[in-house]
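Which chain is which? The protein sequence lines are A and B, in order.
The first sequence begins at 1032 in the working numbering and counts up by one.
The second sequence begins at 1154 in the working numbering and counts up by one.
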Amino acid sequence: MLRAPTIDSGGRVSTIIAIEGLTKKFGNLTALNDVHLNVEASELLGLLGPNGAGKTTLISILATILPSTSGGASVCGHDVHREQHAVRKCIGIVFQDPSLDDELTGRENLDFHGRLYGMDAGARLIRVEDVLRLVDLSDRGNDLVKTYSGGMRRRLEIARGLMHHPRVLFLDEPTLGLDPQTRRKIWDYIRALRDTFRMTIVLTTHYMDEADQLCTRIAIMDRGEIVALDTPDGLKARMGGDVLELEMTGAHQEFLEGLCRMQEVEDMAVEDEKLILTVVNAESFIPKAFQAAQEQEIQIRSVSMRKPNLEDVFIKLTGREIRDESAPDAKTRMRIYMGRKRR
Amino acid sequence: MNFGAAVYTLWLREMRRFLRNRSRLVGSMAMPALFLLVLGSGFGGFFRYRNDVSYIQFIGPGIIAMSLLFSSMFGGLNLLWDKQFGFFKEILVAPVSRMGIMAGKTLGTVTTSMIKGSVFLVGLMVAGLVRLEVFGLLLALVFMFLISAAFVSLGIAFASRMNDPQGFQLVMSFLIMPVFFLSGTLYPTEGLPLWLWTLTYLNPLTYGVDGLRFALGSAYNLSPLVNLAVIAAFWAVTTIAGSLLFRRMTA
Ligand SMILES: Nc1ncnc2c1ncn2[C@@H]1O[C@H](COP(=O)(O)OP(=O)(O)OP(=O)(O)O)[C@@H](O)[C@H]1O
Ligand SMILES: [Mg+2]
């Protein structure tokens, strides 16, 4: 099902990031496990995955600030380990964690960045004002960063990462903690950067709508591995059906197992009193489900049906039962059972 | 990006931060000022080094060295704060040579240290406690630069091996105070017990202090050329060590 990442039938393709068998260990912990991935020029690749999946680790290695344990990667044709300087010249990055100088003003932080990236005075002046306007900080640009709110700092970091128009831009949860208007503005700018400069962008996010709206391709990571790689639509199509949400009272294991055995059901997850099902043929499934519920004296309070979204895919692929490592109470066992169903 | 521009960028940042934080400037100068005024006047009443050299004239150059020592070593601490606040990542990921970063950081801290040291120098000049002579003052600046640059590099060397600012502060207090007390600033080195004499002359700062004494017309022991050679060699060693360790630093 994976789309072949490098070879494009349309002829010449420039692979701008090539990752081969990349593994990173922190002591006993394997943060990245034999990752293979190719990113083509002007792609906007989304990296999704639960906390600790290895997204930041992967970006850090590509950005030359973390050595890998084995395997290799190249960015813009340069090896991230042996040709660090050349790689650094062609990338930009917005870190997940704060990385501003609190004791400088916003403008001074940007000016420092421009100088580090060898921009001349004229270009610096123009770009600093450009990016400040973009993130709505023009009037606060001369204030010390330590007087900024959390969202303002985040905006300044984004502004800084965009400032030198790199060929490859890494954005590690760029819009974390931003209000919806600002997020939308930043999406627009990210798109414009890609369209105007053919910039290649690798973005991590926990906002599924963001990934869906922005990314041309999405890699879903889980526990150091890429478990799916496809376009947003391709990923959604994999769910193979519609999503049904049933709210009910008194559901028990036997009933759920019964539903699970019905041929229409592709996948199933429980959230408190809500049952989320992926079904192929909702028209025939709904009456059957109601009948089963009635027989077992379970009350279905509401039914809703929708097309699958990225979040459904995400949950299916990174299976939340994995995250529940506490004692196997009834609910956890249920999830484990359902996890098996999809294999 | 060329080396010079990198150095200037890093230097400029230090300057901006320095000029913004005048309270910190005063804070870091309080200790040497206290030593100068309290010890200088306290012992000055009954102790003269020689007929022509009062006690405060004797310790004055050493107090300049002390202020250089303190503010220079703490350049390493700033580096660790940068790491703590994540700003260091921004520097490391930029297409700038490690040596450029190190040189800029060093030069920035040397500049701020020399400004603080110069405040003491000017104070001593105004009080008429140093000889006013162009060659001597220029030589003093050379010694001040070497002392400062050497200890900035030493501070960076230590910081490169560490992660948290608190730990660094602890190491510094176990290092800075002994280096200062064993530099012959507060006592003459003639007639010292052998162990103390040995420790004093193993301490590179001793040569810096003695050199400053020569340059400022206080009582000195060694030839200024010897002092210059030792402190310059020390500077070279710490710079090489600092650079090697700094190169391996990660965010
Ligand atoms: N410096 C480190 N030392 C030890 N373990 C680390 C280090 N950095 C990351 N890890 C571990 O590596 C794994 C992957 O971490 P990483 O930061 O890449 O996750 P992530 O996908 O970015 O998660 P999040 O969504 O929470 O940002 C985690 O288990 C983490 O604990
Ligand atoms: Mg992360």
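Each residue gets a CB set at the ideal place from its N, CA and C atoms; glycine is no exception.
These numbers come from a predicted model, not from an experiment.
Here alanine 1382 of chain B is exposed: its Cβ has fewer than 16 other Cβ atoms, across all protein chains shown, within 10 Å. By the C-beta criterion, the region 1316-1330 of chain B is judged not to be in contact with the region 1161-1175 of chain B, since fewer than 3 inter-stretch pairs fall below 8 Å. Given a length threshold of 4 residues, each whole run of the alpha helix (DSSP H) inside the region 1180-1215 of chain A is given here in chain order: 1181-1194.
Inclusion of phenylalanine 1286 of chain A and isoleucine 1329 of chain A in the CB contact set at 8 Å is warranted, their separation being smaller than that value.
Contact between the region 1145-1163 of chain A and the region 1084-1103 of chain A is absent: fewer than three C-beta pairs spanning the two stretches fall below 8 Å.
Counting only beta-carbon distances shorter than 6 Å to the non-hydrogen atoms of ligand 1, the qualifying residues in chain order are A:Phe1057, A:Leu1060, A:Ala1062, A:Gly1080, A:Asn1082, A:Gly1083, A:Ala1084, A:Gly1085, A:Lys1086, A:Thr1087, A:Thr1088, A:Gln1127. In this structure, threonine 1309 of chain A has its beta carbon at no less than 7 Å from each heavy atom of ligand 2.
Linking leucine 1299 of chain B to tyrosine 1340 of chain B through their CA atoms gives a straight-line distance of about 23 Å.
Chain B places no beta carbon closer than 8 Å to that of proline 1205 of chain A, leaving this residue out of the contacts. Set against 7 Å, the gap from the CB of aspartate 1203 of chain A to the closest heavy atom of ligand 2 is smaller.
Under the three-state reduction of DSSP, glycine 1149 of chain A is assigned to coil, being neither helix nor strand.
If you draw a straight line from the Cα of glycine 1395 of chain B to the Cα of phenylalanine 1311 of chain B, it is about 8 Å long. A straight-line Cα-Cα distance of about 14 Å links isoleucine 1268 of chain B and arginine 1173 of chain B. Within the same chain, and ignoring the five residues on either side of glutamate 1302 of chain A in sequence, no residue has its Cβ closer than 8 Å to its Cβ. With contact defined as three or more Cβ pairs closer than 8 Å, the region 1210-1220 of chain B and the region 1270-1284 of chain B are in contact. When the beta-carbon positions are compared, alanine 1190 of chain A and leucine 1141 of chain A come within less than 8 Å of each other. The Cβ neighbour count for histidine 1144 of chain A, taken over all protein chains shown within 10 Å, is at least 16; the residue is labelled buried. Cβ-Cβ separation between threonine 1213 of chain A and tyrosine 1238 of chain A: approximately 13 Å, too far for a contact (criterion under 8 Å). About 6 Å separates the beta carbon of threonine 1259 of chain B from that of alanine 1302 of chain B, a gap short enough to meet the 8 Å contact definition.
Contact between the region 1278-1296 of chain B and the region 1226-1234 of chain B is absent: fewer than three C-beta pairs spanning the two stretches fall below 8 Å. In the DSSP assignment, isoleucine 1300 of chain B forms no beta bridge with any residue. Bounds of the alpha helix (DSSP H) holding arginine 1175 of chain B are 1175-1187.
For methionine 1315 of chain B, no alpha helix (DSSP H) segment is defined, and its DSSP state is neither H nor E. In the DSSP assignment, the residues bridged to serine 1105 of chain A are A:Ala1049, A:Asp1110. Along the region 1079-1111 of chain A, going in chain order, the ones with a CB nearer than 9 Å to a CB of chain B are Ser1091, Ala1094, Thr1095, Ile1096, Leu1097, Pro1098. Annotated three-state conformation of phenylalanine 1199 of chain B is coil, per DSSP.
Closest in C-alpha terms to glycine 1370 of chain B, from the list B:Ile1209, B:Leu1285, B:Glu1243, comes B:Leu1285.
DSSP, read as helix, strand or coil, puts alanine 1250 of chain A in strand. For the pair glycine 1181 of chain A and alanine 1158 of chain B, the Cα-to-Cα distance works out to about 32 Å. Excluding the 5 residues flanking it on each side, arginine 1254 of chain A has same chain C-beta neighbours closer than 7 Å at Ala1084, in chain order. Histidine 1196 of chain A is outside the set of residues whose beta carbon lies under 8 Å from a beta carbon in chain B. Looking only at A:Leu1131, A:Ile1122, A:Ile1096, A:Val1066, the smallest Cα-Cα distance to methionine 1230 of chain A is reached by A:Ile1122. Taking a beta-carbon distance threshold of 8 Å, leucine 1245 of chain B counts as an interface residue toward chain A. Contacts between phenylalanine 1238 of chain B and chain A, judged by CB atoms closer than 9 Å, involve Pro1129, Ser1130, Leu1131, Asp1132, Asp1133 in chain order. Burial check for methionine 1270 of chain A: the Cβ neighbour count within 10 Å reaches 16 or more, so the residue is buried.
CA-to-CA, the gap between valine 1206 of chain B and isoleucine 1212 of chain B works out to about 10 Å.
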